[in-house]
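Below: one structure, written as C-alpha coordinates.
Residue numbers (this note's numbering): 6 to 130.
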(Lines of atoms letter the chains of each structure in order from A and count residues from 1; the text may use other names and numbers.)
(Lines give C-alpha, C1' and ligand atoms only; values in the text may rest on other atoms or scores of the structure.)
Protein backbone atom coordinates (compact mmCIF):
# COMPACT_ATOMS: atom_id res chain seq x y z
CA UNK A 1 0.00 0.00 0.00
CA UNK A 2 1.39 3.39 -0.96
CA UNK A 3 4.13 1.87 -3.10
CA UNK A 4 4.19 0.80 -6.72
CA UNK A 5 4.83 -2.93 -7.12
CA UNK A 6 8.11 -3.33 -9.07
CA UNK A 7 6.46 -5.54 -11.70
CA UNK A 8 3.78 -2.91 -12.32
CA UNK A 9 6.44 -0.19 -12.50
CA UNK A 10 7.90 -2.07 -15.50
CA UNK A 11 4.51 -2.01 -17.24
CA UNK A 12 3.12 1.43 -16.45
CA UNK A 13 4.63 4.88 -15.95
CA UNK A 14 3.21 7.28 -13.38
CA UNK A 15 2.77 10.93 -14.34
CA UNK A 16 4.69 13.64 -12.51
CA UNK A 17 3.04 14.09 -9.12
CA UNK A 18 0.91 10.94 -9.45
CA UNK A 19 1.20 8.74 -6.37
CA UNK A 20 0.22 5.09 -5.89
CA UNK A 21 -2.47 4.47 -3.27
CA UNK A 22 -2.68 0.68 -3.59
CA UNK A 23 -1.92 -2.05 -6.11
CA UNK A 24 -2.10 -5.78 -6.60
CA UNK A 25 -0.01 -8.01 -8.84
CA UNK A 26 -1.14 -11.55 -9.67
CA UNK A 27 0.97 -11.80 -12.84
CA UNK A 28 1.84 -9.91 -16.03
CA UNK A 29 -1.73 -10.40 -17.28
CA UNK A 30 -3.51 -9.68 -14.01
CA UNK A 31 -2.73 -6.59 -11.96
CA UNK A 32 -4.37 -3.39 -10.77
CA UNK A 33 -3.31 0.04 -9.55
CA UNK A 34 -5.21 2.83 -7.79
CA UNK A 35 -3.37 6.17 -7.79
CA UNK A 36 -4.12 9.77 -6.93
CA UNK A 37 -5.24 10.23 -10.56
CA UNK A 38 -6.60 6.96 -11.93
CA UNK A 39 -7.59 3.34 -11.53
CA UNK A 40 -5.88 1.02 -14.02
CA UNK A 41 -6.13 -2.74 -14.38
CA UNK A 42 -4.88 -5.49 -16.65
CA UNK A 43 -7.23 -8.47 -16.78
CA UNK A 44 -8.04 -11.10 -19.41
CA UNK A 45 -5.85 -9.42 -22.01
CA UNK A 46 -7.35 -5.97 -21.54
CA UNK A 47 -5.72 -2.96 -19.92
CA UNK A 48 -8.28 -0.35 -18.86
CA UNK A 49 -8.03 2.99 -17.10
CA UNK A 50 -10.69 5.15 -15.45
CA UNK A 51 -10.12 8.67 -14.15
CA UNK A 52 -12.27 8.94 -11.01
CA UNK A 53 -11.39 12.64 -10.68
CA UNK A 54 -13.64 13.45 -13.62
CA UNK A 55 -16.19 10.66 -13.39
CA UNK A 56 -17.79 9.12 -10.31
CA UNK A 57 -17.35 5.36 -9.89
CA UNK A 58 -19.04 2.40 -8.26
CA UNK A 59 -17.24 -0.81 -7.38
CA UNK A 60 -18.57 -4.32 -6.85
CA UNK A 61 -16.23 -6.88 -5.31
CA UNK A 62 -16.86 -10.54 -6.00
CA UNK A 63 -20.25 -12.09 -5.54
CA UNK A 64 -20.99 -10.28 -2.29
CA UNK A 65 -23.54 -7.53 -2.98
CA UNK A 66 -22.11 -5.51 -0.07
CA UNK A 67 -18.67 -5.71 -1.67
CA UNK A 68 -16.84 -7.23 1.29
CA UNK A 69 -15.59 -10.44 -0.37
CA UNK A 70 -14.13 -11.89 2.82
CA UNK A 71 -12.79 -15.44 2.76
CA UNK A 72 -11.07 -15.57 6.14
CA UNK A 73 -11.47 -19.35 6.49
CA UNK A 74 -9.15 -20.03 3.56
CA UNK A 75 -6.53 -17.60 4.81
CA UNK A 76 -6.73 -18.92 8.38
CA UNK A 77 -6.24 -22.49 7.15
CA UNK A 78 -2.99 -21.52 5.43
CA UNK A 79 -4.38 -22.31 2.00
CA UNK A 80 -3.18 -20.23 -0.95
CA UNK A 81 -5.44 -17.19 -1.00
CA UNK A 82 -8.38 -17.42 -3.34
CA UNK A 83 -9.01 -14.64 -5.81
CA UNK A 84 -12.17 -13.09 -7.17
CA UNK A 85 -13.05 -10.34 -9.64
CA UNK A 86 -14.19 -6.81 -8.97
CA UNK A 87 -15.92 -4.55 -11.45
CA UNK A 88 -15.37 -0.79 -11.28
CA UNK A 89 -17.92 1.19 -13.29
CA UNK A 90 -17.76 4.86 -14.27
CA UNK A 91 -20.92 6.98 -14.41
CA UNK A 92 -20.83 6.81 -18.22
CA UNK A 93 -20.91 2.99 -18.13
CA UNK A 94 -17.24 2.28 -18.89
CA UNK A 95 -15.96 -0.63 -16.82
CA UNK A 96 -12.75 -2.25 -15.75
CA UNK A 97 -12.26 -5.59 -14.04
CA UNK A 98 -9.60 -6.39 -11.50
CA UNK A 99 -8.56 -9.62 -9.82
CA UNK A 100 -8.02 -9.39 -6.08
CA UNK A 101 -7.18 -11.71 -3.19
CA UNK A 102 -10.08 -12.60 -0.94
CA UNK A 103 -9.57 -12.77 2.81
CA UNK A 104 -7.95 -9.94 4.78
CA UNK A 105 -6.07 -8.69 1.69
CA UNK A 106 -9.37 -7.82 0.01
CA UNK A 107 -9.66 -4.74 2.18
CA UNK A 108 -6.84 -3.02 0.26
CA UNK A 109 -8.62 -2.68 -3.12
CA UNK A 110 -12.00 -2.20 -1.43
CA UNK A 111 -10.74 0.74 0.61
CA UNK A 112 -8.74 2.19 -2.30
CA UNK A 113 -11.87 2.22 -4.48
CA UNK A 114 -13.92 3.51 -1.54
CA UNK A 115 -11.52 6.47 -1.35
CA UNK A 116 -12.52 7.49 -4.88
CA UNK A 117 -16.21 6.72 -4.31
CA UNK A 118 -16.32 9.07 -1.32
CA UNK A 119 -13.84 11.75 -2.46
CA UNK A 120 -15.33 15.23 -2.41
CA UNK A 121 -13.76 18.62 -2.84
CA UNK A 122 -10.83 17.25 -4.85
CA UNK A 123 -9.60 18.94 -8.00
CA UNK A 124 -11.43 17.46 -10.94
CA UNK A 125 -10.14 18.29 -14.44
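Built from N, CA and C at the ideal position, the CB exists for glycine as well.
Just so we're clear, the structure is a prediction, and the values are computed from it rather than from any experiment.
What three-state label does DSSP hand residue 15 in the structure shown?
coil
Could you check whether the segment 94-107 touches the segment 7-25, counting it as contact only if at least three pairs of C-beta atoms, one from each stretch, sit closer than 8 Å?
no
Where do the ends of the beta strand (DSSP E) carrying residue 35 lie?
35-40
Is it buried or exposed for residue 108, if we count other Cβ within 10 angstroms and need 16 for buried?
buried
Just mark residue 67 as buried or exposed, buried being the case when its beta carbon has 16 or more other beta carbons within 10 Å.
By the neighbour-count rule (16 or more Cβ atoms within 10 Å), residue 67 is buried.
Outcome for residue 24 when other beta-carbon atoms lying within 10 angstroms are tallied against a minimum of 16
exposed
Note down the Cα distance separating residue 17 from residue 112, rounded to an integer number of angstroms.
Roughly 23 Å separates the two Cα atoms.
Within the continuous alpha helix (DSSP H) that includes residue 20, where are the two ends?
Per DSSP, residue 20 belongs to no alpha helix (DSSP H) and is neither H nor E.
Beta carbon of residue 40 nearer than 8 Å to that of residue 19
The answer is yes: Cβ separation under 8 Å.
My output table needs one value for residue 59: the three-state DSSP class, helix, strand or coil.
coil
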